[in-house]
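Reviewing the structure listed below.
Numbering (the numbering used here), first residue to last: -7 to 181.
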């Protein structure tokens, strides 16, 4: 009986240690809930930098022209008239523990009357990829568009951007078209 108690105690201690180690690895490997609404003063420079590093996948124009358009979208965030419209662009950023934006997504109701939402931009700083951040941002955008009444959510990506295509398809998007440059996908929640 004494031997059985010792074995049970040792087994229990081993299970406890393994559980603590597993919790430690899970905690450090998870994506913290660090999603915030875009703050122009705090996030603009980081978003411009992320866009510049990823412009090829985000825009079909040359960098300078695409960046100009991107910055025009950012300029509209503070306009109260535009913000009140049903088709207003929303921006969500992922900030790392140091408070710097490392990823972003933008989305809007492209055709509110027809219940069509659109995800326009999604980009993650290269050093922060493969941590589930893009999935978390996509989920946030999808949920927000559904709350606004979207029956269809559209997204477009480069035909060569296989990681993005795989992510979108894993979230339920289906390909509805393609050309020599882009793949067009839809989600019907």
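Positions of the beta carbon are idealized from the N, C-alpha and C atoms, including for glycine.
From a predicted model like this one, the values you see are computed outputs, not experimental measurements.
When only Cα atoms are considered, residue 119 and residue 141 end up about 35 Å apart. Within the same chain, and ignoring the five residues on either side of residue 36 in sequence, the residues whose Cβ sits closer than 7 Å to its Cβ are 66.
Beyond the five residues adjoining it in sequence on each side, residue 166 comes within less than 7 Å, by CB distance, of 177 and 178 in the same chain, given in chain order.
DSSP places residue 110 in the uninterrupted beta strand (DSSP E) bounded by 108 to 116. With fewer than three CB-CB distances shorter than 8 Å, the region 47 to 55 does not count as touching the region 125 to 139. Residue environment analysis places residue 162 among the exposed positions, since fewer than 16 neighbouring C-beta atoms fall within 10 angstroms of its C-beta.
The beta strand (DSSP E) runs of length 3 or more contained entirely in the region 58 to 129 are, from start to end of the chain, 82 to 87, 93 to 103 and 108 to 116. Where residue 176 is concerned, the enclosing beta strand (DSSP E) starts and stops at 174 to 179.
A distance below 7 Å separates the beta carbons of residue 46 and residue 115. Per DSSP, residue 159 is one residue of the alpha helix (DSSP H) stretching across 154 to 162.
DSSP places residue 145 outside any alpha helix (DSSP H); the residue lies instead in the beta strand (DSSP E), whose first and last residues are 144 to 150. Contact check for residue 111 against residue 147 passes: the beta carbons are separated by less than 7 Å. Shown here, residue 48 sits in a helix according to DSSP, grouped into three states. In the three-state reduction of the DSSP assignment, residue 26 falls in the coil class.
By the CB criterion at 7 Å, residue 75 and residue 99 fall outside the cutoff. Residue 26 has its alpha-carbon roughly 17 Å from the corresponding atom of residue 32.
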